[in-house]
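Presented below is the structure to which this report refers.
Number of protein chains: 2
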Amino acid sequence: MIAQLLERLNSLNPMSEELADKIISVTKTIDYPAGTYILKEGQTCTRACMIGKGLARSYYINDDKEITSRFMDEGFIITSWISYYTQKPGNEFIQAVEDCTLLCIDHADIQQVYKEFPEFNIIGRKQTEYAFYQAELRTQMLRKHTAEERYKFFIEQQPSLLQRVSLKHIATYLGMNEETLSRVRSRFHKKHSL
Amino acid sequence: MIAQLLERLNSLNPMSEELADKIISVTKTIDYPAGTYILKEGQTCTRACMIGKGLARSYYINDDKEITSRFMDEGFIITSWISYYTQKPGNEFIQAVEDCTLLCIDHADIQQVYKEFPEFNIIGRKQTEYAFYQAELRTQMLRKHTAEERYKFFIEQQPSLLQRVSLKHIATYLGMNEETLSRVRSRFHKKHSL
DNA sequence: TTTTTTGCTTGACATATGTCAAGAGTTGGA
DNA sequence: TCCAACTCTTGACATATGTCAAGCAAAAAA
Numbered sequence: 201m202i203a204q205l206l207e208r209l210n211s212l213n214p215m216s217e218e219l220a221d222k223i224i225s226v227t228k229t230i231d232y233p234a235g236t237y238i239l240k241e242g243q244t245c246t247r248a249c250m251i252g253k254g255l256a257r258s259y260y261i262n263d264d265k266e267i268t269s270r271f272m273d274e275g276f277i278i279t280s281w282i283s284y285y286t287q288k289p290g291n292e293f294i295q296a297v298e299d300c301t302l303l304c305i306d307h308a309d310i311q312q313v314y315k316e317f318p319e320f321n322i323i324g325r326k327q328t329e330y331a332f333y334q335a336e337l338r339t340q341m342l343r344k345h346t347a348e349e350r351y352k353f354f355i356e357q358q359p360s361l362l363q364r365v366s367l368k369h370i371a372t373y374l375g376m377n378e379e380t381l382s383r384v385r386s387r388f389h390k391k392h393s394l
Numbered sequence: 201m202i203a204q205l206l207e208r209l210n211s212l213n214p215m216s217e218e219l220a221d222k223i224i225s226v227t228k229t230i231d232y233p234a235g236t237y238i239l240k241e242g243q244t245c246t247r248a249c250m251i252g253k254g255l256a257r258s259y260y261i262n263d264d265k266e267i268t269s270r271f272m273d274e275g276f277i278i279t280s281w282i283s284y285y286t287q288k289p290g291n292e293f294i295q296a297v298e299d300c301t302l303l304c305i306d307h308a309d310i311q312q313v314y315k316e317f318p319e320f321n322i323i324g325r326k327q328t329e330y331a332f333y334q335a336e337l338r339t340q341m342l343r344k345h346t347a348e349e350r351y352k353f354f355i356e357q358q359p360s361l362l363q364r365v366s367l368k369h370i371a372t373y374l375g376m377n378e379e380t381l382s383r384v385r386s387r388f389h390k391k392h393s394l
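In the order they appear, the protein sequences are chains A and B.
Under this note's numbering, the first sequence is numbered contiguously, ending at residue 394.
Under this note's numbering, the second sequence is numbered contiguously, ending at residue 394.
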């Protein structure tokens, strides 16, 4: 399964054999059964983990309510960025929605690789650029004012998620409650099946 | 004024004299009087520009209404990321709110510098990491459900902007209309002056 | 100066979304 | 198998925010 990670990084910039060996040596493969936590509120995010298999959800608690910040599936590189970047405790939970296999590298090891293999900065830069791009797309969705617009944006961008996560979680991702999502969906699909 | 840019980049990772000279050779200093446009809807964002002096606002039109996506002041490196990353036309306007002096480098030149000076990737990576971090903070604000929470978050994070931009623009930044912001402010400041 | 424009506030009312409660269908465990 | 838990839907009503309109004060223009 580590081949998947190497391929992902290679596609950003070809790695030397030494660099690939180094990555292999610092990567830990860890399984998280559905429902278990990859990161909890109050912890510092000290790793970046690529999802080899499965699907995870990050969320935090605001006013006693869960707010889903993103869904992550195969190939996604998980971090709780604010906590990872600052290396301070954060407020996000990251939970396995399906059984997950993760390929994890410690923050300290990544910094070490940046030093030892300066060309790894190319990969780090491109991955961060891509993650930033994805985050900006999610933010565009959040800025839509009506519930229906946000739902429309969601099914256009990530339709496959509809099959993999509960509507309850999609609702908190889209900034509305479960009942509103249900009503929006019934209106929306009535309108689009005419 | 280019010294400001060099200092900013140096603080991310010290640059060799050759690299600094290269940066100087590809940087263009451009003035934008208040009200003029740095980027318009439909254009591709082909530059990254540090603000040497002044303040700018990016926004786009949704449903005939302006939605402010961010405010940028001294030291901020302006891009319209989705357009810059994809090198395709985007939907954002970037407008000078105050008279601005910008230090601009073309996307193509930046790619060239990445190739010629691999160590510049360290700077690119760190700058992107920081921009991503800032974007995540803005996104946290957007996920607050009530208008008052979003306003509270705003005055905690960027109180100085209150003096520099109109409430109309702050309102569209916070995802509410002008009248709502006015009411939120009067309630909020009454509450906090007791 | 006077006039016009802009920025902000306030009121009355409309509407979208949230809240609370109930119920139907499904899944999973005992 | 039955029961409990969970997911999703629907209804009635409450509330936050949006819309439209008016007005005041300060700034800019004439």
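Using N, Cα and C, we set each Cβ at its ideal position, and we do this for glycine too.
All of these numbers come straight from a predicted model, not from anything done at the bench.
Beta-carbon gap between residue i and residue j smaller than 7 Å
i         : j         : result
Ala-347/B : Asp-299/B : no
Glu-274/B : Ile-238/B : no
Asn-321/B : Arg-325/A : yes
Arg-350/A : Lys-344/A : yes
Glu-379/B : Lys-368/B : no
Ile-294/A : Ala-331/A : no
Thr-229/A : Ala-296/A : no
Ser-269/B : Thr-244/B : no
Leu-342/A : Leu-206/B : no
Extent of the continuous beta strand (DSSP E) run through residue i
i         : result
Gln-295/A : 293 to 296
Nearest-angstrom Cα separation, counted from residue j out to residue i
i         : j         : result
Glu-319/B : Ala-371/A : 44 Å
Ser-280/A : Glu-266/A : 16 Å
Ile-310/A : Leu-362/A : 34 Å
Lys-315/B : Leu-219/B : 12 Å
Gln-258/A : Gln-334/B : Checking the sequence shown, residue 258/A turns out to be Ser, not Gln. Taking the straight line from one Cα to the other gives about 19 Å.
Phe-276/A : Pro-359/B : 35 Å
Glu-329/A : Phe-271/A : 19 Å
Glu-356/A : Ala-203/A : 31 Å
Arg-208/A : Pro-214/A : 10 Å
Met-201/B : Gly-254/B : 13 Å
Glu-292/B : Leu-302/B : 18 Å
Gln-340/B : Thr-227/B : 34 Å
Lys-352/B : Phe-317/A : 44 Å
Tyr-373/B : Leu-374/A : 18 Å
Gln-327/A : Leu-212/A : 7 Å
Thr-246/B : Gln-312/B : 14 Å
Cys-249/A : Val-365/B : 40 Å
Lys-240/B : Tyr-232/B : 13 Å
Met-376/A : Asn-210/B : 44 Å
Lys-391/B : Asp-264/A : 23 Å
Ser-382/A : Ile-278/A : 29 Å
Phe-336/B : Glu-217/A : This sequence places Glu at residue 336/B; Phe is not what is there. In a straight line, the C-alpha of Glu-336/B is about 35 Å away from that of Glu-217/A.
Gly-242/B : Tyr-260/B : 11 Å
Ile-323/A : Ile-323/B : 13 Å
Phe-354/A : Phe-354/B : 27 Å
Which runs of the beta strand (DSSP E) at least 3 residues long sit entirely within the segment 207 to 284 of chain B? Give them in chain order. Counting only runs of 3 or more residues that sit fully inside the segment 207 to 284 of chain B, the beta strand (DSSP E) segments are 228 to 232, 237 to 239, 247 to 253, 256 to 262, 265 to 272, in chain order.
Completely contained alpha helix (DSSP H) runs for the segment 307 to 382 of chain A, where each covers 4 or more residues: Note on the segment 307 to 382 of chain A: whole alpha helix (DSSP H) runs with a minimum of 4 residues are 307 to 316, 320 to 342, 347 to 357, 367 to 373, in chain order.
Report yes or no: do the segment 379 to 388 of chain A and the segment 306 to 324 of chain B share at least 3 C-beta pairs separated by less than 8 Å? Touching, no, given that fewer than three Cβ pairs across the two stretches are closer than 8 Å.
Validate contact between the segment 277 to 291 of chain A and the segment 223 to 232 of chain A using beta carbons, cut 8 Å, 3 pairs: In this structure the segment 277 to 291 of chain A does not lie against the segment 223 to 232 of chain A, because fewer than three pairs of beta carbons, one per stretch, are closer than 8 Å.
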